[in-house]
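A short worksheet on the structure shown next.
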Amino acid sequence: MFKRCIISATLIGLAWPGAAWAQVPFTQEQADQGKTLYTAQCESCHGDALVGGVGGGPPLTGSYFLDHWADQPVSGVFGYIKEFMPADTPGSLTSTQTANIIAYILQFGGAAPGSEPLSNDPAVLDAITLERPAAN
Amino acid sequence: MLNRYCGAGLAALLLAMPLGALAQDAPAAAFADFEPVTDEMIANPAPGDWINWRRTLDNWAHSPLEQITPDNIGTMQMAWSWNIEPGTFESTPLVYDGVIYMAGARDVIQALDGATGELLWQYRRELPEGAGGGTSGATRNIAIYGDRIFTGTADAHVVALDAKTGQVVWDVEMEDWETTKVAFSTGPTIVKGKVISGLTDCRVFREGRTGCYVVAHDPENGEELWRTYTVPIAEEEGGDTWGDTPDFLRAGGGVWMPCAYDQPQDIILCGTGQAYPWPQVTRGHDGAALHTNSTIALDPDTGEMLWYHQYVPAETLDLDEVFEHVLIDVDGEKRFYKIGKGGILWVMDRETGEYITHKGVVYNNVYDIDTEKGQAITRPEVIPVDFETPVFACPSTAGGKDWHPMAFNPNTRGLYMPLSQTCMNFTARQVETVVGGGGTGGFRTFAPMPGANGQGKLTAIDVDTLETMWEHEQHAPFLTGLLSTESGLLFAGDLDRYFKAFDAATGEVLWQSRLAQSVQGMPVSYEVDGRQYIAVPTGLGGGSPRAQSALVPDIKIPASGNNLFVFALPQ
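Going line by line, the protein sequences match chains A and B. So the first sequence is numbered by the working numbering: it starts at 18 and just counts up by one. So the second sequence is numbered by the working numbering: it starts at 8 and just counts up by one.
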């Protein structure tokens with residue numbers, strides 16, 4: 018039998034450093050719109066804390082997300098979301114909606130918004146790298 | 008035996024509330040000769056009717072209608088179609104005396120003329136924000152009894168509507184959705200004049216106790232007659248199978264598919280789902296976690312648990328065993344057949360609840376079967392032991408088999424099953440062990456299944472020998488329950504928008520039609536004025552069975568659209 022363990026959630030998003038990481042431009046307005054979209058379309062699988070929900074979708078924050086999508090162009094995660102998500106209605110998001118959702122994911126992970134919006138053009142996103150937070 | 012829990016503090020009885028029902032003031036002409044539905048009718052429906060989830064109490068989904076045959080189905084054409092509002096659509100059209108009663112998405116209930124497709128009435132529900140959204144909000148079946156329609160809602164109410172007008176007769180709240188997030192994703196079963204409903208989504212920890220239950224209501228006034236919890240608290244029978252977990256952290260045991268009624272034996276058979284959180288390591292113990300992943304047999308008058316059989320003790324990968332019981336007699340033995348997510352066909356004695364035998368129907372790397380106890384034991388190498396290391400498990404949470412129900416043809420003796428072939432990488436997660444916390448405690452990504460020739464598989468098994476009669480594998484997964492007809496047809500629909508008719512004896516595809524949306528839900532057959540119809544829902548939404556789109560990137564479906572398509576021979 019396992020020893021009974023005290024289990025508690027770690028809010029991984031709050032553990033990240035601030036503005037410097039990600040190096041991906043996006044605006045607060047994009048993140049706000051992204052949050053609205055996320056709640057309606059993504060939350061049931063990925064959870065309200067982006068670490069998994071009822072539908073058992075993988076985390077969109079923390080080390081799992083970074084292992085999959087960091088150190089490569091943003092067009093990678095953009096293309097995946099746009100083509101395959103939501104899992105039960107893939108291809109239903111517009112390019113603008115996809116960019117907004119990514120903005121929300123980045124802000125949730127601790128990145129700070131700025132004045133320059135995140136492009137919804139994969140060709141532009143090819144040239145922007147999603148960076149890992151710098152080790153302190 | 009479980010103590011009955013009187014939920015007097017939880018149920019609010021609302022009589023005749025006009026919850027925005029867009030109904031006509033007077034019943035339409037279609038209801039002029041409406042005769043109340045009785046227990047006898049449900050046990051013995053008219054050939055042209057479909058007044059129960061799987062048509063008859065034995066859950067065969069076998070229509071006695073023979074007008075459409077393998078020889079003439081090539082001429083079958085669309086009679087009419089109807090569009091349904093957006094949302095998760097996994098429904099069963101019920102048909103009584105020429106009228107279709109069906110739940111759309113988000114608790115809309117509609118009555119349609121079965122011959123013309125004319126809308127007769129509709130009920131719409133104002134749901135709390137967030138209820139019934141995302142992948143939730145399905146109502147896989149509804150019930151008809153007397154002159155009423157009964158349903159369970161996305162915000163955990165049981166509702167009775169006037170079958171002739173759609174007006175609310177009574178509306179009972181089981182739990183407060185805002186704080187508990189519990190729901191019904193499946194409507195009730197009528198048992199001896201009682202409305203029997205199964206609660207699901209019991210994953211948010213609550214004060215007191217968190218687990219799900221089966222509940223019985225009086226169809227007349229919505230009075231609660233009994234409830235039976237599927238997850239025992241510490242002092243109840245089976246309560247010692249949850250380690251030393253406090254009562255309020257014992258979650259899950261959802262009854263998210265309709266219960267069966269074995270009328271001759273007078274027992275209710277309900278399937279129970281998995282424990283929450285899913286993994287042992289998140290739950291903090293490896294106890295059996297009764298009565299999750301079980302069949303529980305209940306007394307219809309009292310709800311008393313007469314016996315139970317747990318298929319997977321200490322289940323840890325969201326491979327729940329909650330699905331339909333198909334009642335078939337073989338060699339004079341009263342049996343039921345059942346398949347869970349894990350893809351094990353269980354052959355059980357329905358008089359004793361004891362295991363007879365089993366047959367694996369998809370590739371499985373998760374279980375060793377204990378044939379003495381009749382249980383699936385999870386192999387140590389696929390049990391997550393931390394919150395980082397994924398395990399590779401087959402089948403995935405899409406199954407094996409998911410909610411899409413089987414059909415049985417008594418002429419071919421074939422048990423037909425819609426199966427899925429994917430694997431998963433499953434990782435356990437932590438949850439907050441406080442009131443308001445909780446959750447699945449796991450996530451998975453999908454992967455192809457070794458040796459599979461496609462995600463979709465239809466398998467026909469001879470119930471007398473358990474030999475495979477035929478198998479049909481294809482690229483697109485099947486997303487419907489199966490429909491069998493007396494003329495030897497078997498109907499199924501898939502993700503790629505194909506609705507197909509198979510020869511029940513050989514598996515040959517006799518007919519297909521490409522519809523407007525992925526084909527999903529429970530197709531049925533009915534008759535109006537001497538004409539046989541095949542009705543099939545198409546639509547979107549749902550959890551695991553739809554979540555493998557990345558594995559079939561070539562299958563493109565439209566981003567919206569739920570519909571009902573109705574076919575018939577030309578007149």
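The C-beta atom is built at its ideal place from N, Cα and C for all residues, glycine as well.
Pick out whichever of the options has its Cα sitting closest to the Cα of residue i.
i: residue 106 of chain B; options: B:411, B:39, B:137; result: B:39
i: residue 93 of chain A; options: A:149, A:114, A:145, A:127; result: A:145
i: residue 264 of chain B; options: B:318, B:327, B:317; result: B:327
i: residue 124 of chain B; options: B:573, B:365, B:234; result: B:573
i: residue 170 of chain B; options: B:130, B:205, B:160; result: B:130
i: residue 75 of chain B; options: B:414, B:397, B:493, B:561; result: B:493
i: residue 375 of chain B; options: B:355, B:559, B:491, B:319; result: B:319
i: residue 50 of chain B; options: B:59, B:43, B:42; result: B:59
i: residue 537 of chain B; options: B:110, B:343, B:121, B:523; result: B:121
i: residue 336 of chain B; options: B:321, B:353, B:357, B:316; result: B:357
i: residue 2 of chain B; options: B:340, B:477, B:395, B:428; result: What the structure shows of chain B is the stretch from 8 to 578, and residue 2 of chain B is not part of that stretch, so it cannot be assessed.
i: residue 580 of chain B; options: B:404, B:308, B:455, B:426; result: Since the first residue shown for chain B is 8 and the last is 578, residue 580 of chain B is missing from the structure and cannot be characterised.
i: residue 236 of chain B; options: B:205, B:195, B:535, B:491; result: B:205
i: residue 219 of chain B; options: B:238, B:232, B:138; result: B:238
i: residue 215 of chain B; options: B:194, B:227, B:138, B:252; result: B:252
i: residue 114 of chain A; options: A:95, A:148, A:129, A:125; result: A:95
i: residue 558 of chain B; options: A:107, A:139, A:140, A:88; result: A:107
i: residue 470 of chain B; options: B:189, B:416, B:463; result: B:416
i: residue 194 of chain B; options: B:110, B:290, B:96, B:149; result: B:149
i: residue 125 of chain A; options: A:100, A:50, A:90, A:66; result: A:66
i: residue 382 of chain B; options: B:200, B:353, B:404; result: B:353
i: residue 192 of chain B; options: B:435, B:147, B:173; result: B:147
i: residue 164 of chain B; options: B:154, B:340, B:184; result: B:184
i: residue 103 of chain B; options: B:132, B:325, B:153; result: B:153
i: residue 98 of chain A; options: A:40, A:51, A:149; result: A:51
i: residue 77 of chain B; options: B:229, B:46, B:508, B:108; result: B:508
Using 8 angstroms for Cβ pairs, my map puts residue i next to residue j. What's the rounded Cβ distance?
i: residue 323 of chain B; j: residue 385 of chain B; result: 6 angstroms
i: residue 392 of chain B; j: residue 400 of chain B; result: About 14 angstroms; that fails the 8 angstroms criterion.
i: residue 104 of chain A; j: residue 342 of chain B; result: Wrong, their Cβ atoms sit about 36 angstroms apart, outside the cutoff.
i: residue 241 of chain B; j: residue 225 of chain B; result: Their Cβ separation, rounded to whole angstroms, is 32 angstroms, which puts residue 241 of chain B and residue 225 of chain B out of contact at 8 angstroms.
i: residue 161 of chain B; j: residue 134 of chain B; result: 6 angstroms
i: residue 35 of chain B; j: residue 127 of chain B; result: 5 angstroms
i: residue 539 of chain B; j: residue 575 of chain B; result: 6 angstroms
What residues are listed by DSSP as bridge partners for residue i?
i: residue 356 of chain B; result: B:342
i: residue 453 of chain B; result: B:431
i: residue 311 of chain B; result: DSSP lists no partner for residue 311 of chain B.
i: residue 164 of chain B; result: B:180
i: residue 277 of chain B; result: B:303
i: residue 421 of chain B; result: B:416, B:469
i: residue 169 of chain B; result: B:155
i: residue 464 of chain B; result: B:426, B:480
i: residue 231 of chain B; result: B:224
i: residue 475 of chain B; result: B:468
i: residue 175 of chain B; result: B:168
i: residue 569 of chain B; result: B:91
i: residue 390 of chain B; result: None, per the DSSP bridge assignment.
i: residue 196 of chain B; result: B:203
i: residue 328 of chain B; result: B:279
**Prompt:** Do three or more CB pairs link the stretch 69-80 of chain A to the stretch 442-450 of chain B at distances below 8 angstroms?
**Reply:** yes
**Message:** Runs of 4 residues minimum, wholly inside the stretch 51-125 of chain A: which ones carry the alpha helix (DSSP H) assignment?
**Reply:** 60-63, 79-86, 91-101, 112-125
**Prompt:** How about the stretch 112-129 of chain B and the stretch 67-78 of chain B: do they share at least three Cβ pairs that are nearer than 8 angstroms?
**Reply:** no
**Item:** Three CB pairs or more closer than 8 angstroms across the stretch 205-214 of chain B and the stretch 258-273 of chain B
**Value:** yes
**Message:** Does the contact criterion of 3 or more C-beta pairs under 8 angstroms hold for the stretch 133-144 of chain B versus the stretch 54-64 of chain B?
**Reply:** no
**Message:** Counting beta carbon pairs with one atom in the stretch 413-424 of chain B and one in the stretch 436-446 of chain B, are three or more of them shorter than 8 angstroms?
**Reply:** no
**Item:** Three or more C-beta pairs below 8 angstroms linking the stretch 466-484 of chain B and the stretch 244-251 of chain B
**Value:** no
**Asked** Where are the beta strand (DSSP E) runs, 3 residues long or more, that stay fully inside the stretch 26-110 of chain B, in chain order?
**Response** 84-91, 101-103, 106-110
**Message:** I'd like to know if the stretch 365-373 of chain B and the stretch 335-351 of chain B are in contact, where contact means that at least 3 CB-CB pairs between them fall below 8 angstroms.
**Reply:** yes
**Asked** Counting pairs of beta carbons, one from the stretch 516-529 of chain B and one from the stretch 540-552 of chain B, are three or more of them closer than 8 angstroms?
**Response** yes
**Item:** Validate contact between the stretch 499-510 of chain B and the stretch 549-569 of chain B using beta carbons, cut 8 angstroms, 3 pairs
**Value:** yes
**Message:** I'd like to know if the stretch 39-54 of chain A and the stretch 277-297 of chain B are in contact, where contact means that at least 3 CB-CB pairs between them fall below 8 angstroms.
**Reply:** no
**Request:** Report the residue ranges of all beta strand (DSSP E) runs contained in full by the stretch 477-548 of chain B; include only those spanning at least 3 residues, in chain order.
**Result:** 490-492, 496-500, 505-510, 516-521, 531-535, 538-545
**Item:** At least three beta-carbon pairs within less than 8 angstroms, the stretch 80-88 of chain B to the stretch 509-518 of chain B
**Value:** yes
**Request:** For the stretch 233-273 of chain B, list the beta strand (DSSP E) runs that are entirely contained and at least 3 residues long, ordered along the chain.
**Result:** 267-269
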